[in-house]
Ligand SMILES: Cc1ncc(COP(=O)(O)O)c(C=O)c1O
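In the numbering used here, the protein residues as written are -12 to 391.
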């Protein structure tokens, strides 16, 4: 790969060329489970990681390997591991650093699945955790315990779009030999590269922007070669969380347009966020591209684009929020994000329902909060949809106040 290439070229050509036998430009799907070796020495070298190669489908396949090398290069890591979902990537990354008796510090306001893993599954294996406000690095440092073995952050966070200073956090953690794991899902490798900012490990839900078409569940872990090798053999392999060849092929295909898609998601999200912020029925908008965002300056410095997710609170809280969501005609009510379609959801009852209300409020996830994954449609049509839904709830409120 030409190391001078810029991101859009690397997304298309990086670690991927025509098939040497057929000349096929699109990647072949190789679903084989078993692979033949010329002799036992070569087989042994591949199994122990001394030689590059694939030996059994539960540890990877040639199609997912092409994708892993591409993702590793895009994130600036030594190696990457492709797994069956974003949660597989998160759980493998955490279990790669933690064992019985260990403690992990986690930024508050993380994805609901991560919260659920830490609060319900990890304690069964003797792993403890604390959620801390990582916007304040001092607060993070003070929360470190003698048995703290890792720090886990998500920036921008889901769903509040809190931005954390990756460089400041990794600097503080490096001084204390604490590895930092960053969930980079909301940014994709196009907009933020945490390893370049000092992080040790990056995880992605490739279900979102990386694949970008809402038809694959997948995840990636990116970091040092030895660590990835350990996770491949001892975690993914033993737990059986591999990425299959067909899904790897779909991601390789979907990724070709990632640069273009992400650019459009960002442009549309900025317009939608500005529209909502100027609307009289909206209480507050959370989008790092708005000057009103508490970490606006940091976001401008750290991120190459502000992403496609906008969260907001409508005046009148939960009831008005629900009415608004139900009045949308173009945007769909759905759990996922990063798809071509604009998707809307209510975190308190959907993606973050596993977090008890009291905890949710500590994370700033109010009952009235709504999250939009702004799609690739014409921004004017997305805005028109929200405008009609807002008009609808305003008229309802007017009628109700006349009745009352
Ligand atoms: C920030 C973030 N990380 C991880 C995940 C989990 O990804 P997956 O659904 O692919 O397991 C999600 C899912 O929404 C997410 O939003």
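Positions of the beta carbon are idealized from the N, C-alpha and C atoms, including for glycine.
- Every beta strand (DSSP E) of 3 residues or more that sits fully in the region 251 to 289 is shown, in chain order, as 269 to 273.
- Assignment of alpha helix (DSSP H) within the region 190 to 264, counting only whole runs of 4 or more residues, yields 212 to 217, 232 to 242 and 245 to 264 in chain order.
- 33 is the residue among -1, 33 and 5 whose C-alpha sits nearest the C-alpha of residue 23.
- Beta-bridge annotation (DSSP): residue 94 is paired with 119.
- Collapsing the DSSP output to three states places residue 320 in a strand.
- In the structure shown, the three-state DSSP call for residue 169 is strand.
- At least one heavy atom of ligand 1 falls within 7 Å of the beta-carbon of residue 72.
- When the five nearest sequence neighbours on each side are left out, the beta carbons in the same chain lying within less than 6 Å of the beta carbon of residue 248 are those of 199, in order along the chain.
- Remark: the shortest separation between the CB of residue 98 and any heavy atom of ligand 1 falls under 7 Å.
- With contacts defined by Cβ atoms closer than 8 Å, residue 329 and residue 276 do not form a contacting pair.
- In the structure shown, residue 338 falls within a coil segment according to DSSP collapsed to helix, strand and coil.
- The C-alpha of residue 129 is placed about 24 Å away from the C-alpha of residue 189.
- Assigned with DSSP and collapsed to three states, residue 33 falls in helix.
- Our two residues, residue 360 and residue 195, have alpha carbons roughly 10 Å apart in a direct line.
- Looking at 312, 162, 285 and 98, the one whose alpha-carbon comes closest to that of residue 377 is 312.
- Between ligand 1 and the CB of residue 231, the shortest heavy atom gap is not smaller than 7 Å.
- Within the DSSP secondary-structure output, residue 66 pairs in a beta bridge with 210.
- Here residue 101 carries a helix assignment [DSSP, helix/strand/coil].
- Between ligand 1 and residue 172, a heavy atom-to-CB distance of less than 7 Å is present.
- Sorting 14, 52 and 306 by C-alpha distance to the C-alpha of residue 353 places 306 at the top.
- In the displayed model, residue 24 falls within coil according to three-state DSSP, outside both helix and strand.
- Assigned with DSSP and collapsed to three states, residue -2 falls in helix.
- Inclusion of residue 206 in the 7 Å shell around ligand 1 follows from its C-beta lying nearer than that to a non-hydrogen atom of the ligand.
- Sequence-distant partners of residue 57 (beyond 5 residues in either direction) whose C-beta falls short of 7 Å from its own C-beta, in its chain, are 1, 2 and 3.
- At a Cβ-Cβ threshold of 8 Å, residue 93 and residue 112 do not count as neighbours.
- A direct Cα-to-Cα measurement between residue 131 and residue 104 gives close to 20 Å.
- Around the beta carbon of residue 222, 16 or more other beta carbons lie within 10 angstroms, which makes this residue buried.
- The way I'd put it, the region 180 to 188 doesn't touch the region 223 to 235; fewer than three beta-carbon pairs between them come closer than 8 Å.
- In the three-state reduction of the DSSP assignment, residue 138 falls in the strand class.
- Using a Cβ distance threshold of 8 Å, residue 216 and residue 46 do not count as a contacting pair.
- Here the C-alpha atom of residue 90 lies approximately 22 Å from the C-alpha atom of residue 347.
- One thing to note: residue 76 has its Cβ no nearer than 8 Å to the Cβ of residue 173.
- DSSP links residue 46 through a beta bridge to no other residue.
- The DSSP-derived three-state label of residue 124 is helix.
- Residue 125 counts as exposed, since fewer than 16 other C-beta atoms from the protein chains shown sit within 10 angstroms of its C-beta.
- The beta carbon of residue 321 sits no closer than 7 Å to any heavy atom of ligand 1.
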